[in-house]
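Anchor point for the sequence shown: position 3 equals 5 in my numbering, and the numbering is continuous, going up by one each time. Glycine included, every Cβ here is placed at the ideal spot set by N, Cα and C. Only a predicted model underlies this, so the values are computations on that prediction, with no experimental measurement involved. Take a look at the structure below.
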Amino acid sequence: QISVEALPADHEKIVEICKLHEIDPALAVGGAFVQWQGEMAWDRDNENHVGTTVFALVPDEDEPRRGRLLRERGYAEIVPVVGRYEMDDEGGLVLVTEYETMSSIERFWFVNPNLRMRTSVVKRFGGFNTASFCAESRLADSSPAPAGYDKAKAEEIFQIGSQHTAFGW
Numbered sequence: 003q004i005s006v007e008a009l010p011a012d013h014e015k016i017v018e019i020c021k022l023h024e025i026d027p028a029l030a031v032g033g034a035f036v037q038w039q040g041e042m043a044w045d046r047d048n049e050n051h052v053g054t055t056v057f058a059l060v061p062d063e064d065e066p067r068r069g070r071l072l073r074e075r076g077y078a079e080i081v082p083v084v085g086r087y088e089m090d091d092e093g094g095l096v097l098v099t100e101y102e103t104m105s106s107i108e109r110f111w112f113v114n115p116n117l118r119m120r121t122s123v124v125k126r127f128g129g130f131n132t133a134s135f136c137a138e139s140r141l142a143d144s145s146p147a148p149a150g151y152d153k154a155k156a157e158e159i160f161q162i163g164s165q166h167t168a169f170g171w
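Set out below in structure tokens:
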């Protein structure tokens with residue numbers, strides 16, 4: 003599960019992370035507090051995918067659809083990091099982060115209000131790379147279904163054993 007709470011630019015956590023990265027808090031437009039808890043079929047005992055992070059958005063002066071993404075905790079390395087964000091022409095959010103020993107590129111986009119797709123590529127220095135594709139569905143939501151939404155078809159698609167990725171797996 004992933005939970006995201008939008009934070010305004012003047013929120014104490016946004017101000018704090020800007021100061022951590024020595025960036026003027028007045029340049030931030032906001033950010034988020036993110037919590038996650040998950041598991042994967044191949045996890046070993048005591049492996050846990052639980053955590054929290056805060057990030058702040060600092061847009062480029064000339065183009066607000068791209069800028070710096072300040073994080074207190076990175077995705078691939080658990081250290082404070084400054085990455086880049088960009089909204090692409092198709093409405094996807096692209097995050098690029100360079101770490102000391104690796105780099106990551108992630109892209110997020112919504113297929114509909116309740117289904118988000120995510121791809122990521124992590125390149126480790128020395129040649130070991132990983133790529134992933136995820137489909138993430140919203141759990142409990144009281145918002146109305148989008149026009150043309152077919153509940154029976156959606157339930158059929160998400161039955162165990164019937165999931166397919168864009169790669170055909």
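Residue i burial status per 10 Å Cβ neighbour count (16 or more: buried)
i, result
"Val-83", "buried"
"Arg-73", "buried"
"Ile-4", "exposed"
"Ala-141", "Checking the sequence, you will find Leu at residue 141 rather than Ala. Leu-141 comes out exposed."
"Phe-135", "exposed"
"Gly-129", "exposed"
"Val-60", "buried"
"Val-124", "buried"
"Thr-99", "buried"
"Ser-139", "exposed"
"Gly-53", "exposed"
"Arg-67", "exposed"
"His-13", "buried"
Coarse secondary structure for residue i, derived from DSSP in three states
i, result
"Val-172", "Any property of residue 172 remains undetermined from this structure, which presents the chain solely from 3 to 171."
"Ala-133", "strand"
"Glu-65", "coil"
Span of the beta strand (DSSP E), counted from its first residue to its last, around residue i
i, result
"Glu-100", "95-100"
"Val-36", "32-40"
"Leu-71", "68-73"
CB-CB length for residue i against residue j, believed under 8 Å
i, j, result
"Phe-57", "Ala-34", "6 Å"
"Glu-108", "Arg-126", "No, Glu-108 and Arg-126 are not in contact; Cβ-Cβ is about 15 Å, not under 8 Å."
"Ile-16", "Leu-9", "5 Å"
"Phe-122", "Ser-105", "Just to set this straight, residue 122 is Ser in the shown sequence, not Phe. At roughly 11 Å, the Cβ-Cβ gap does not stay under 8 Å, so Ser-122 and Ser-105 are not in contact."
Opening and closing residue of the alpha helix (DSSP H) in which residue i lies
i, result
"Ile-107", "Element bounds for Ile-107: not the alpha helix (DSSP H) but the beta strand (DSSP E), 104-114."
C-beta neighbour in chain D for residue i, strict 8 Å
i, result
"Arg-67", "No chain D is part of this structure, which consists of one protein chain only."
So, does the segment 32-42 touch the segment 85-97, judging by three or more C-beta pairs under 8 Å?
no
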